[in-house]
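Using the working numbering, you'd call the opening residue of the sequence shown number 1 and step up by one each time. Even glycine gets a Cβ: it sits at the ideal position worked out from N, Cα and C. Please read the structure below before turning to the comments.
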Amino acid sequence: MSVGTTEDTTTHSHSHAPATEAAPDAEPAMVALSDKAAEKIAEIRGEESIEDSYALRLKVQGGGCSGFSYDLYFDQPQEMDRSFEVKGVKLICDQMSLMYLMGTEVDYVEGLHGAGFKFNNPNVKSTCGCGSSFSV
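Here it is as structure tokens:
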């Protein structure tokens, strides 16, 4: 159940402090969600009838012309995952991905090039020309 992502090719100087609403078993959020992203995630969860036991996995994986790419999908939490809740959305992330995602805000954008989730990641040093991968 992939959610779809778009790459952000800009860095923002303003900072969005991650929300710290914590579920009982969750830790403080290290990734932020924009209001629009949280609304879209809730909408997708409802449309796809995704069970409450699933959380949104934020993942960084090797690949793409710049070295890394993002992935977002609903998944069952695993033992080694870090979990947190932001704006009512349960998020999970493996340790390796979290290293690259610290301080990132996930947004949802609609524009002439389509719609999708955009990662505003302050750790990115460069992106590829096609906008689907990044390096740190």
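query: Delimiting residues of the alpha helix (DSSP H) encompassing residue 101; result: 95 to 101
query: Pairwise C-alpha distance: residue 122 and residue 63; result: 20 Å
query: Whole-angstrom distance between residue 78 and residue 114, CA atom to CA atom; result: 32 Å
query: Beta strand (DSSP E) segments (min. 3 residues) lying fully within the segment 43 to 125; result: 55 to 62, 68 to 75, 82 to 86, 89 to 93, 105 to 111 and 114 to 120
query: Residue 46 versus residue 65: straight-line alpha-carbon distance, rounded; result: 34 Å
query: Proximity to residue 59 [Cα-Cα], best of 90, 44, 103 and 71; result: 71
query: DSSP state of residue 32 mapped onto helix, strand, coil; result: strand
query: Residue 91 versus residue 67 - alpha carbon distance; result: 24 Å
query: Residue 75 versus residue 112: straight-line alpha-carbon distance, rounded; result: 30 Å
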